[in-house]
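Using my numbering, you'd call the opening residue of the sequence shown number 10 and step up by one each time. What follows is one structure encoded as structure tokens, with my remarks underneath.
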Amino acid sequence: MIGTIKYGLILIAVLALLPNFLPMLDNNDRVKVVVEFNSAPAELSLLYLKILGYDFEVIDTLNNVMNGAVISMNAVQVDGLKDEGIVSNVYDEKFLKTNLDKSLKLINADDITIKDSNGNGLTGKGVRIAVVDTGIDYSHPDLFGFGTGGKVVGGYDFLENDDSPMDTDGHGTLVAGIIAANGQVKGVAPDAELVAYRIASEGTYVSTTDMIRALDRAVEDEIDVLNISLGLDYVSEEIDSAIEKLVGKGVVVVTAAGNNGESRTIGSPASAPSAISVGASYNNVTMSAAATLKINGDDTKYYVVPMVGSPIPAKPVTGKLVFGKFANFDDFTNVDVKGAIVLAERGGSALQNINGVEEELPLYFTDKETNAARNGAAAIIIYNNVLGIYFGTLVNENAPPDYNPSIPVVSMPMEEGLMLKELLEKGNVTAELSLFYNPDVVAPFSSRGPVSPFYLKPTLIAPGAFINSTTLGGSYNVTSGTSFAAPHTTGAVALLLQKHPDLNPAEVASLLATSAKPVNDAYGLQYSSDSAGAGRLDVNAMLKSNIIATPYYTILHLSAGKELSKIIELRSIDGALGKLAVSKDWNEPVPLDVHIESVDDHTAKLIIDAKLPDPIAGKYEGKVNVESEQGIISIPVIVYADEAAVDATNKDGRIWLSIDSQENWKFAKVKIKQANNGQSSSVTLTPSNNLLSVPARSVGEYWIEANLITKYGDIKGFSVLYVNDTSTDSLFYDYLNMYGIPIKEALMIGAFLGIASIVVYVWTRRKDSERYLLRTDLIRNMQLMQLEKSDTSLQARNLFI
Numbered sequence: 010m011i012g013t014i015k016y017g018l019i020l021i022a023v024l025a026l027l028p029n030f031l032p033m034l035d036n037n038d039r040v041k042v043v044v045e046f047n048s049a050p051a052e053l054s055l056l057y058l059k060i061l062g063y064d065f066e067v068i069d070t071l072n073n074v075m076n077g078a079v080i081s082m083n084a085v086q087v088d089g090l091k092d093e094g095i096v097s098n099v100y101d102e103k104f105l106k107t108n109l110d111k112s113l114k115l116i117n118a119d120d121i122t123i124k125d126s127n128g129n130g131l132t133g134k135g136v137r138i139a140v141v142d143t144g145i146d147y148s149h150p151d152l153f154g155f156g157t158g159g160k161v162v163g164g165y166d167f168l169e170n171d172d173s174p175m176d177t178d179g180h181g182t183l184v185a186g187i188i189a190a191n192g193q194v195k196g197v198a199p200d201a202e203l204v205a206y207r208i209a210s211e212g213t214y215v216s217t218t219d220m221i222r223a224l225d226r227a228v229e230d231e232i233d234v235l236n237i238s239l240g241l242d243y244v245s246e247e248i249d250s251a252i253e254k255l256v257g258k259g260v261v262v263v264t265a266a267g268n269n270g271e272s273r274t275i276g277s278p279a280s281a282p283s284a285i286s287v288g289a290s291y292n293n294v295t296m297s298a299a300a301t302l303k304i305n306g307d308d309t310k311y312y313v314v315p316m317v318g319s320p321i322p323a324k325p326v327t328g329k330l331v332f333g334k335f336a337n338f339d340d341f342t343n344v345d346v347k348g349a350i351v352l353a354e355r356g357g358s359a360l361q362n363i364n365g366v367e368e369e370l371p372l373y374f375t376d377k378e379t380n381a382a383r384n385g386a387a388a389i390i391i392y393n394n395v396l397g398i399y400f401g402t403l404v405n406e407n408a409p410p411d412y413n414p415s416i417p418v419v420s421m422p423m424e425e426g427l428m429l430k431e432l433l434e435k436g437n438v439t440a441e442l443s444l445f446y447n448p449d450v451v452a453p454f455s456s457r458g459p460v461s462p463f464y465l466k467p468t469l470i471a472p473g474a475f476i477n478s479t480t481l482g483g484s485y486n487v488t489s490g491t492s493f494a495a496p497h498t499t500g501a502v503a504l505l506l507q508k509h510p511d512l513n514p515a516e517v518a519s520l521l522a523t524s525a526k527p528v529n530d531a532y533g534l535q536y537s538s539d540s541a542g543a544g545r546l547d548v549n550a551m552l553k554s555n556i557i558a559t560p561y562y563t564i565l566h567l568s569a570g571k572e573l574s575k576i577i578e579l580r581s582i583d584g585a586l587g588k589l590a591v592s593k594d595w596n597e598p599v600p601l602d603v604h605i606e607s608v609d610d611h612t613a614k615l616i617i618d619a620k621l622p623d624p625i626a627g628k629y630e631g632k633v634n635v636e637s638e639q640g641i642i643s644i645p646v647i648v649y650a651d652e653a654a655v656d657a658t659n660k661d662g663r664i665w666l667s668i669d670s671q672e673n674w675k676f677a678k679v680k681i682k683q684a685n686n687g688q689s690s691s692v693t694l695t696p697s698n699n700l701l702s703v704p705a706r707s708v709g710e711y712w713i714e715a716n717l718i719t720k721y722g723d724i725k726g727f728s729v730l731y732v733n734d735t736s737t738d739s740l741f742y743d744y745l746n747m748y749g750i751p752i753k754e755a756l757m758i759g760a761f762l763g764i765a766s767i768v769v770y771v772w773t774r775r776k777d778s779e780r781y782l783l784r785t786d787l788i789r790n791m792q793l794m795q796l797e798k799s800d801t802s803l804q805a806r807n808l809f810i
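Dropping the structure here:
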């Protein structure tokens, strides 16, 4: 702290002597940014920038999830701000997308008989949950009341900057109802306290700067669980960093995985390593359908999804496959589709007579189904006109009032549709289409991982399709999206924290994931972890579980001829562990051995050994099961068989790196990232210089990724290293570390001091009385600061005013 104060005073003293070198500003365009500072308190750093001549207004200071501020500033100065030595990062404002009764039964939350330590039923009582969204309609009977004694005990409107976070959109009210409604609709945790953070309104986008402000406030409001059903379709460094720091302060963060429905589509905040990221499954058995497709009787698996409103026949539909173009009525001219399954492309248009005038209108799914059925088709498959799958609806506002679909309709990814079209061009094709009810499948819109080769995403899935919840005006609505899967999990966390209030966020995630129910796709195959995470939320199993696994999953990176062991700590919450039995669900070509070693009555070690005898690159996964008297927990295991090995060791305060590969490689770019704070460095290795090191700055886990350049393309290698032996490179670095001053800023201060005499000489010859008065006032205030030894932040505010 003393070093930081000295640092701030030196900066102010030197800068008070400097003329204003920034150019005159002719541009009045304002932009909102988040500015993160290195070490000096935010108030002093803002003063530093003000003296330099930066034109900005402070919207909010950030003290919890980062040392910084949200400011509105002149747009032409942003690039210059990024180059200031005292500034760590400048994040431009971006925008995020705003992406029940029967769903409770599916996740085993409708009949909880377990009690807390006081003998009370588990209803979320005493747990405070913040909903970061469009606000909450606290006039709704099921969410009634704002402030003390109300269902919504507090909150803030970051759009209007006031204390009335009333929802005018409905999204946040739907989310809040799933978590904690207590009326006609019951949420998962009906007695939990709600706090509303309004950062979005009508529309579909929200500012990342307002998101960070809300995250920062959560610490001050003593939030236990934070629900975020908003997100980006890419990874945002500032959002993920803020999430990690918030979780580090003990707040459980639950996020929606996203609604992009393809692999590698999970973005921030769900991409943050410590966030509990939730994908979506279907809901109740009467509305959730799945489908399978067989072509020419072979075992190829096709991805087909029944459209909402499609008939579900009792028996499979079989027949020849016929291409029907866009399934316009004219497309069936001279095409015999009687009893056939039609393959059609999404999109197209049709001429319709409207008041005597022919207009070209879009061809809806309703039109395609009607045209195919009128021509005698038995079913229709509509493949996408862009890459990937989609989630179609037959009965909608564009359908005729009396419309009633008569044949099954399914959607299909474009790539599979084009493959079938090409197959038809070669000859006759027969198809068998089966539709059936299945609530326990991943919804097609749910975003998939992976985000990183070092951690699991999504964490798990929960019901997110056809969810009934509260909405504006005291009414209710059925809706779908991972936005509504996350609050099921948030409510479950509230029940868990009522039972075990001392759990930290990592322990909460462990109990959620290891108790999750495995889910299979329409073909009966278990979903990959990239699609379903650890499985589908099972609240009852989670509440009964008594074992915490740390970590709750394991990822191993192997290359040919290498062996690797991972240790997972098992700890009982209440009482002794008792007798444990271990088994594995593992049918992969990579040998895996598991065993348990007891430590004491309350802890044990689960040891997982893997080896890769042959070069078989790929990704393999399964689960290790630990059975106790209280039940079974399942720990996801993922093995990456890499084409290259990164050998990493920690010695003499450094991280030593080398590459081992059977391929001929030219050079390798190696990135080393600290898992706990996201800071990274990199080195380049070559076959002739294949042993380099970087300083190990702090204790903790490091993620190492190597990209090898070869004659035939790039190959990857990965490693995880836990560092215990850290070092400072010199006495100079030790001194800077002692006082919290980064090297970059230290060099800057030295440069300022080096030219101080020159600056003073020039300055004394300037006749700018206003500048002279400012310098005098600053020095006088700094003397007062030293004499009174008052709080640095308060004094900085006085100087700023």
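We put the beta carbon where it would ideally sit given N, CA and C, even for glycine.
- Here I681 carries a strand assignment [DSSP, helix/strand/coil].
- G627 carries a strand assignment under DSSP once its states are collapsed to helix, strand and coil.
- F676 and I564 have their C-alpha atoms spaced approximately 26 Å apart.
- Between N384 and I416, the alpha-carbon positions lie close to 11 Å from each other.
- If you draw a 10 Å sphere on the C-beta of N380, you find 16 or more other C-beta atoms in it, and that means buried.
- In the structure shown, A531 falls within a coil segment according to DSSP collapsed to helix, strand and coil.
- If you ignore the 5 residues before and after F400, its C-beta comes within less than 6 Å of the C-beta of P453, F454, all in its own chain and listed in chain order.
- In the structure shown, the three-state DSSP call for L601 is strand.
- In this structure T468 is buried. Its beta-carbon is surrounded by 16 or more other beta-carbon atoms within 10 angstroms.
- Taking the CA atoms as reference points, D171 sits about 26 Å from N191.
- Around the beta carbon of L360, fewer than 16 other beta carbons lie within 10 angstroms, which makes this residue exposed.
- For the beta strand (DSSP E) assignment, the uninterrupted runs of no fewer than 3 residues enclosed by the stretch 165–209 are, from N- to C-terminal side, 202–207.
- Straight across, the Cα-Cα distance linking N72 with E229 is about 10 Å.
- Counting C-beta atoms within 10 angstroms of its own C-beta, T342 has fewer than 16 neighbours from the protein chains shown and is therefore classed as exposed.
- Scanning its chain for C-beta atoms nearer than 8 Å, with the 5 sequence neighbours on each side dropped, one finds around G156 the residues V162, G163, in chain order.
- By the C-beta density criterion, S484 is exposed, having fewer than 16 other C-beta atoms within 10 angstroms.
- Note on geometry: alpha-carbon atoms of Y392 and L330 lie some 13 Å from one another.
- According to the DSSP assignment, T612 belongs to the beta strand (DSSP E) that extends over 612–621.
- Beta-bridge pairing by DSSP links Y649 to H566, K628.
- Following the DSSP letters along the chain, one finds N549 inside the alpha helix (DSSP H) bounded by residues 548–553.
- Cβ neighbours of P150 within its own chain (closer than 8 Å, five residues either side excluded): G192, Q193, G483.
- Taking a contact as a CB-CB distance under 8 Å, the pair A209 and L239 counts as one, their CB atoms being some 7 Å apart.
- Bounds of the alpha helix (DSSP H) holding E246 are 246–257.
- Boundaries for D230: no beta strand (DSSP E) harbours it, and the DSSP string shows neither H nor E there.
- Inter-segment contact for the stretch 195–206 and the stretch 133–153 is present: three or more beta-carbon pairs are separated by less than 8 Å.
- Within its own chain, the residues whose Cβ lies closer than 8 Å to the Cβ of D661, once the five positions on either side in sequence are excluded, are D734, S736, listed in chain order.
- Taken in chain order, the unbroken stretches of alpha helix (DSSP H) that lie wholly in the stretch 355–393 and span 4 residues or more are 374–383.
- According to the DSSP secondary-structure assignment, M220 is paired through a beta bridge with no residue.
- When beta bridges are read from the DSSP output, M421 appears opposite Y392.
- Between R663 and the set S702, Q683, V517, the nearest pair of CA atoms involves S702.
- An exposed status is given to H604, since fewer than 16 other beta-carbon atoms sit within 10 Å of its beta-carbon.
- For P496, the uninterrupted alpha helix (DSSP H) segment begins and ends at 495–508.
- Classified as buried, K377 has 16 or more neighbouring CB atoms from the shown chains inside 10 Å of its CB.
- For A590, the number of other beta carbons within 10 angstroms of its own is below 16, and it is reported as exposed.
- S538 carries a helical assignment under DSSP once its states are collapsed to helix, strand and coil.
- Cβ atoms of A198 and L546 stay farther apart than 8 Å, at about 13 Å.
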